[in-house]
Amino acid sequence: AKREGRARVRFFESETDQELRDRRLLQHDLRQALEQNQFLVHFQPQARMDGEVIGFEALLRWNHPTRGFVPPDRFIPLAEENGLIVQIGEWVLREACREAASWPRPLQVAVNLSPVQVQAGDLERSIHQILLETGLAPTRLEVEITEGVLIGDFTRALNLLRRLKALGIRIAMDDFGTGYSSLSYLQSFPFDKIKIDRSFISNLEATPQSAEIVRAVLSLAHALNIPVIAEGVETEAQRAFLAREACEEMQGYLVGRPDLIERYLDLVGVTVER
Ligand code: C2E
Ligand code: CA
Ligand code: CA
Ligand code: CA
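For the sequence shown, full-length UniProt numbering gives the first residue as 341, with consecutive numbering after it.
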């Protein structure tokens, strides 16, 4: 934690005054965003390698009143810093579960969890409450965590994940391969799915190393009986490679971009009259 502290100080020092002011402004605006309904959820399809859609990942969007859409990579770290991510994350979970509960087809919905949500607050109780409230079967909910979730209070995180799993919720390891200790976490928790990070997929054609890494991840995951979903699949060549290597699922622009669920109503089984 000490090392992290120092790195953080240096990071802020390298920020210009302008950047610092901007960050403070955004952080201030974030406090009103929930009350003023500035958040929305986009859904991105997840499919088997033959293209059959099996679920959606919920991705948070912030439509700022003057700046327009602020990317999550920009505002989520700020919300984590001031703790607002706990409320915002709960909101995303509720929206995603409510939406999924309304689908005629029992597809799964995947929701990202921030390390801060896992370490603070009573996440188990709020998830349980949300499932009751929306009527979504726990087996249709998947939560995506990065290794950051396991870096803080490891025992606390592990216990929480175990209790979620006991409820029937699936746990996916997100951004696999980008952290320092992805491998060691595989032995500490029985993940239900591994998401290979987009960076390996986008480099598939350009760098031979990426193809070898993807192969290695797939063979490791399969030896452990964990299905794999590849992120950021954009081309048919990438899909074909992954299918050949027995990757189970894919997500990416090739199947569909994150968008309002309205765009995907036919996939969730809602017949729209035209
Ligand atoms: P992530 O969980 O790794 O989400 C995947 C990101 O890849 C999304 O970016 C998605 O739009 C993008 N993506 C998907 N397919 C493709 C593709 O084929 N090509 C390319 N170039 N990109 C693709 P997005 O929506 O900007 O989200 C960025 C990150 O913000 C997410 O990365 C996640 O870490 C975080 N995030 C988003 N929503 C939430 C949320 O509700 N809670 C938390 N804690 N984090 C969230
Ligand atoms: Ca994710
Ligand atoms: Ca990811
Ligand atoms: Ca990512």
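Quick reminder that beta carbons are idealized off the backbone N, C-alpha and C, glycines included. Given the structure is predicted, the values throughout are model-derived calculations rather than measurements.
For R510, the three-state DSSP class (helix, strand or coil): It is a strand residue.
Please confirm whether K533 and P478 have their CB atoms less than 8 Å apart. Contact: no.
Going straight from the alpha carbon of I416 to that of I569, what length do you get? Answer to the nearest angstrom: the Cα atoms are 24 Å apart.
Contiguous alpha helix (DSSP H) assignments of at least 4 residues, all confined to the region 372 to 450: Counting only unbroken stretches of 4 or more residues, the alpha helix (DSSP H) elements lying wholly within the region 372 to 450 are 412 to 421 and 425 to 441, in sequence order.
Here's the rule: buried if 16 or more other CB atoms are within 10 angstroms of the residue's CB, otherwise exposed. What is I509? Label assigned to I509: buried.
Determine the contact status of A512 and A450, defining contact as a CB-CB distance below 8 Å. Yes, these two residues count as a Cβ contact at 8 Å.
Through-space distance from Q591 to Q578, alpha-carbon basis: Roughly 11 Å separates the two Cα atoms.
Work out the CA separation of L366 and L360 for me, nearest whole Å. Answer to the nearest angstrom: the Cα atoms are 10 Å apart.
Would the region 411 to 426 and the region 450 to 468 be scored as touching if the rule is three or more Cβ pairs under 8 Å? Yes, they touch.
Are there 16 or more other CB atoms within 10 angstroms of the CB of L399, so buried, or fewer, so exposed? Residue burial is scored here from C-beta neighbours: L399 has at least 16 other C-beta atoms within 10 angstroms and is therefore classed as buried.
Any chance you could list the beta strand (DSSP E) runs of at least 3 consecutive residues sitting entirely within the region 531 to 560, in chain order? Counting only unbroken stretches of 3 or more residues, the beta strand (DSSP E) elements lying wholly within the region 531 to 560 are 533 to 536, in sequence order.
Within the present structure, is the beta-carbon of E589 separated from the nearest heavy atom of ligand 5 by less than 7 Å? Ligand 5 is not among the ligands present in this structure, which contains only ligand 1, ligand 2, ligand 3 and ligand 4.
Proximity test, R407 beta-carbon vs ligand 1 heavy atom, cut-off 7 Å: The closest heavy atom of ligand 1 lies 7 Å or more from the beta carbon of R407.
Starting from R591, trace the alpha helix (DSSP H) in both directions and tell me its first and last residue. The sequence shown places Gln at residue 591, rather than the Arg named in the question. Counted as a single uninterrupted DSSP element, the stretch harbouring Q591 is not any alpha helix (DSSP H) but the beta strand (DSSP E) occupying residues E589 to Q591.
Considering only the alpha carbon of each residue, which of K505, L380 and D390 lies closest to F581? Ranking K505, L380 and D390 by Cα distance to F581 puts D390 first.
Taking 7 Å as the cut-off, is the beta-carbon of S454 closer than that to any non-hydrogen atom of ligand 1? The answer is yes for S454.
Using a 10 Å radius around the Cβ and a threshold of 16 neighbouring Cβ atoms, would you call T486 buried or exposed? Taking a 10 Å sphere around the C-beta of T486, we find 16 or more other C-beta atoms and assign the residue as buried.
Could you tell me which residues DSSP puts in a beta bridge with A580? A580 is bridged by DSSP to nothing; it lacks a bridge partner.
Contacts around G517, its chain only, beta-carbon distance under 7 Å, and the 5 residues preceding and following it disregarded: Here G517 has I536, D537, F540, I553 and V557 as same chain residues with Cβ atoms under 7 Å from its own Cβ, once five neighbours each way along the sequence are excluded.
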